[in-house]
Amino acid sequence: EGDSGDKASSKTKKLSQEIKVDAIRTVVQFSQHTASRGRAKVVLVHPAERMNLIASNTLLKTLEEPPGQVRFVLSGAALDQLLPTVRSRCQAWRLPLPAPEVASAWLQSQLDGVSLADARMLLDAAGGQPLTARDRHQLGLDARYWPQIPKDLLNGAATALTQWPLSLVVETLQKVCHDLACMAAGASPRYFPAASLPQAPDLNLLTTWSQELRKASRHAEHPWNQNLKVEALLVQARAVMRPRPSRGNPAT
89 EGDSGDKASS KTKKLSQEIK VDAIRTVVQF SQHTASRGRA KVVLVHPAER MNLIASNTLL
149 KTLEEPPGQV RFVLSGAALD QLLPTVRSRC QAWRLPLPAP EVASAWLQSQ LDGVSLADAR
209 MLLDAAGGQP LTARDRHQLG LDARYWPQIP KDLLNGAATA LTQWPLSLVV ETLQKVCHDL
269 ACMAAGASPR YFPAASLPQA PDLNLLTTWS QELRKASRHA EHPWNQNLKV EALLVQARAV
329 MRPRPSRGNP AT
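Going by my numbering, the first residue of the sequence shown is number 89, and it counts up by one from there.
Spelled out as structure tokens, the structure:
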């Protein structure tokens, strides 16, 4: 929760997309108090990769000298984004993704009016993660529109993305960039059907684009004009993806 203030401002305050130091200080204080029932405590930090740098360093001090019968569980989908010093203090338990057939059937049961084929498309769009697929669908991701996104980006026609949350737009562009890089390297795409992807640009362009998108993801909750930011990202995507003449055949 945010700092105390007037009720009007607290009602309109958006939920933070990162775990900040105040939240970590709260759980650290909780871990240091004597338990009123039993002796053991469990502290869950999820998603752990959303801790900012200050929060991570604050938790690190406690992980180095954990108090008494306390167990910290750091859960997340991208634990490689944790500080190496934090990871080194933890035991890693990697949970495998469910089989696509099982996950697709479960996802279909969770979403009204979604066919099994659409559920599989949503699952692919989420990298095989069924909970993420469900959440993205609830944010507005349409399984039937998903394969059309790369070509719409190339043609400057991806206006549907302007209705999405900025964080989902950035995530989608990152997936397009990832799959184009896979195609450029001769590998199979992960998130989009291969037939839906245009010819891959130069890897150097994709690397630069990936870095720019990573910066954008860090500021997805910034209170700027979302429409302007999304439009700028779409213009950038089209500029990267547009065909370029080969070096031996300059355009006339």
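Each residue gets a CB set at the ideal place from its N, CA and C atoms; glycine is no exception. On a predicted model such as this, the values are computed, not experimentally measured, just so you know.
Does residue 160 come out as helix, strand or coil in the three-state DSSP assignment?
Working through the sequence shown from its first residue, we reach residue 160 at position 72. In the structure shown, residue 160 sits in a strand (DSSP, three-state: E or B).
Any idea if residue 224 is buried or exposed, counting beta-carbon neighbours within 10 angstroms, 16 or more meaning buried?
Against the sequence shown, residue 224 aligns to sequence position 136. Label assigned to residue 224: buried.
At which residue ranges does the segment 113-189 contain complete alpha helix (DSSP H) runs of 4 or more residues, listed in the order of the chain?
Segments of the alpha helix (DSSP H) lying fully in the segment 113-189: 141-152, 172-175.
Among the residues of its own chain, which have a CB less than 6 Å from the CB of residue 171, if the five just before and after it don't count?
Here residue 171 refers to the residue found at position 83 when the sequence shown is read from its first residue. Cβ within range, chain order: 144.
Selection from 167, 251, 162 that minimises the alpha carbon distance to residue 229:
Looking up residue 229 in the sequence shown gives position 141. Of 167, 251, 162, the residue nearest in Cα terms is 251.
Once the 5 residues before and after residue 249 are set aside, which same chain residues still bring their CB inside 6 Å of it?
Here residue 249 corresponds to residue number 161 of the sequence shown, with the count starting at 1. 257, listed in sequence order.
Grab the span of the alpha helix (DSSP H) containing residue 313 for me, first residue to last.
As a position in the sequence shown, residue 313 is number 225, starting the count at 1. Careful: residue 313 lies outside any alpha helix (DSSP H) and carries neither H nor E.
Are the CB atoms of residue 371 and residue 275 nearer to each other than 7 Å?
Here the chain comprises residues numbered 89 to 340, so residue 371 is not present and cannot be evaluated.
Could you tell me the distance, in whole angstroms, from the CA atom of residue 192 to the CA atom of residue 178?
Your numbering for residue 192 matches position 104 in the sequence shown. Your numbering for residue 178 matches position 90 in the sequence shown. Those two C-alpha atoms are separated by around 32 Å.
Residue 245: buried (16+ other C-beta within 10 angstroms of its C-beta) or exposed?
As a working mapping, residue 245 is identified with position 157 in the sequence shown. Using a 10 angstroms sphere on the CB of residue 245, the tally of other CB atoms stays under 16, which defines it as exposed.
Residue 200 classed as buried or exposed, judged by whether at least 16 other C-beta atoms fall within 10 angstroms:
If you number the sequence shown from 1, residue 200 lands on position 112. Counting Cβ neighbours within 10 Å, residue 200 comes out exposed, since fewer than 16 surround it.
Taking the straight line between their C-alpha atoms, what separation do you get for residue 91 and residue 109?
On the sequence shown, residue 91 is found 3 positions in, with the first residue counted as 1. On the sequence shown, residue 109 is found 21 positions in, with the first residue counted as 1. Any reading at residue 91 must be qualified, since the residue scores a pLDDT of 43, below 50, and its modelled position is unreliable; the value itself is stated next. Their Cα atoms are separated by approximately 12 Å.
Between which two residues does the alpha helix (DSSP H) carrying residue 255 extend?
On the sequence shown, position 167 is the one that residue 255 refers to. Secondary structure note for residue 255: its alpha helix (DSSP H) is the uninterrupted segment 254-272.
Just to confirm, are residue 218 and residue 194 a CB contact at a threshold of 7 Å?
Against the sequence shown, residue 218 aligns to sequence position 130. Against the sequence shown, residue 194 aligns to sequence position 106. Yes; because the gap between Cβ atoms is below 7 Å, this pair is in contact.
Member of 259, 206, 221, 242 whose CA lies at the smallest distance from the CA of residue 233:
Stepping through the sequence shown from its first residue, residue 233 is reached at position 145. Of the candidates 259, 206, 221, 242, the one whose C-alpha sits nearest the C-alpha of residue 233 is 206.
Assumed close pair residue 317, residue 254 - CB separation to whole angstroms, cut-off 8 Å
Walking along the sequence shown from the start, residue 317 turns up at place 229. Walking along the sequence shown from the start, residue 254 turns up at place 166. Indeed, because the Cβ distance is near 6 Å, the residues count as touching under 8 Å.
What number of angstroms, rounded off, separates the C-alpha of residue 341 from the C-alpha of residue 321?
With the chain represented from 89 up to 340, any question about residue 341 goes unanswered, as that position is not in the structure.
Judging by CA-CA distance, which residue of 119, 190, 107, 152 is the nearest neighbour of residue 163?
Position 75 of the sequence shown, counted from the start, is the residue given in the question as residue 163. For residue 163, the closest C-alpha among the options 119, 190, 107, 152 is that of 107.
Using a threshold of 7 Å, state whether the C-beta atoms of residue 231 and residue 204 are closer than that.
Locating residue 231 in the sequence shown gives position 143, where the first residue counts as 1. Locating residue 204 in the sequence shown gives position 116, where the first residue counts as 1. Not in contact: residue 231 and residue 204 (Cβ atoms no closer than 7 Å).
Residue 127: buried (16+ other C-beta within 10 angstroms of its C-beta) or exposed?
As a first step, residue 127 must be located in the sequence shown, where it is residue number 39. Flag for residue 127 reads exposed.
Spatially closest choice to residue 227 from 238, 260, 216, by CA coordinates:
The residue given as residue 227 occupies position 139 in the sequence shown. Among 238, 260, 216, the Cα nearest to that of residue 227 is on 260.
Exposed or buried, what is residue 196 when buried is set at 16 or more other beta-carbons lying within 10 Å of its beta-carbon?
By one-based count along the sequence shown, residue 196 stands at place 108. By the neighbour-count definition (other C-beta atoms within 10 Å, threshold 16), residue 196 is a buried residue.
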